[in-house]
Amino acid sequence: MAFLDNRIPPPLVVLASGAAGWAIAELTPDLTISVTGQAALGLLVAALGVAIAASGILAFSKARTTVSPIDPGAATALVVTGIYNYTRNPMYLGMVVMLLGWTIILGHPGGLVGAALFVAYIDRFQIQPEERALQALFGDAFTAYRARVRRWI
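The structure is reproduced here in structure tokens:
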């Protein structure tokens, strides 16, 4: 299944995962939970996800390296500061947090299925190939970084 490595842009994967959660909620409406403030809380969590992802994008921009997830071999710098002190993948972590916000808005556990699908797909077909490319590009520096900072959180 290596043909899927770095093929589908992660924003499309997050949209498909969110749609999967919504479809599950539509198919099983009896599992829906509604509470006061649910939408506001969900939007707040989703906004936190946007902020996490944006901090990763800004760090890449500041380092003048590519943000493109399709060609990780084009990276010109290994970014290890800022949010990258806490997670090797803030953009993907931010997308998961956005999906958790969507789950709260839906008020349905099906959203968690979508989030789990996103994590499984991104971990296998995006992060692992990216890490192989970064290892090839940055060698010992990436090895040390990987030993110091977790993949997700």
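Per the numbering used here, the sequence shown runs over residues 17 to 169.
Idealized CB from N, CA, C, for every residue including glycine.
For residue i, count neighbouring Cβ atoms within 10 angstroms of its own Cβ and tell me buried if that reaches 16, exposed if not.
i, result
"V113", "buried"
"R166", "exposed"
"F19", "exposed"
"T48", "exposed"
"G117", "buried"
"M17", "exposed"
"G37", "buried"
"T159", "exposed"
"G63", "First, the residue type needs correcting, since residue 63 is Ala and not Gly in the sequence shown. Counting Cβ neighbours within 10 Å, A63 comes out exposed, since fewer than 16 surround it."
"Y102", "exposed"
Checking 8 angstroms against the spacing of the C-beta atoms, do residue i and residue j come in under that value?
i, j, result
"R80", "T92", "yes"
"P8", "P106", "Since the first and last residues shown for the chain are 17 and 169, residue 8 lies out of range."
"F134", "S71", "no"
"L94", "L59", "no"
"Y100", "A75", "yes"
"L109", "G130", "no"
"Y161", "V61", "no"
"D21", "F154", "no"
Please report the distance separating the alpha-carbon of residue i from that of residue j.
i, j, result
"V30", "I121", "16 angstroms"
"A90", "T82", "7 angstroms"
"S50", "A56", "12 angstroms"
"A138", "W168", "According to the sequence as given, residue 138 is Ile; it is not Ala. Roughly 11 angstroms between the two C-alpha positions."
"I73", "A132", "23 angstroms"
"P88", "E146", "5 angstroms"
"D156", "K78", "23 angstroms"
"T52", "T119", "15 angstroms"
"A35", "Q144", "24 angstroms"
"I40", "I24", "22 angstroms"
"A136", "A163", "21 angstroms"
"R148", "M111", "22 angstroms"
For the ligand HEM, is there any heavy atom lying closer than 7 angstroms to the beta carbon of residue i?
i, result
"L28", "This structure lacks the ligand HEM; in fact it carries no ligand of any kind."
### Task
Any chance you could list the alpha helix (DSSP H) runs of at least 4 consecutive residues sitting entirely within the segment 48-92, in chain order?
Counting only runs of 4 or more, we get 54-79.
### Query
Is the segment 116-127 close to the segment 28-44, with three or more CB pairs under 8 angstroms?
Yes, they touch.
### Task
Please list the segments of the alpha helix (DSSP H) lying wholly inside the segment 126-168, counting only runs of 4 or more residues, in order along the chain.
Runs found: 126-138 and 144-164.
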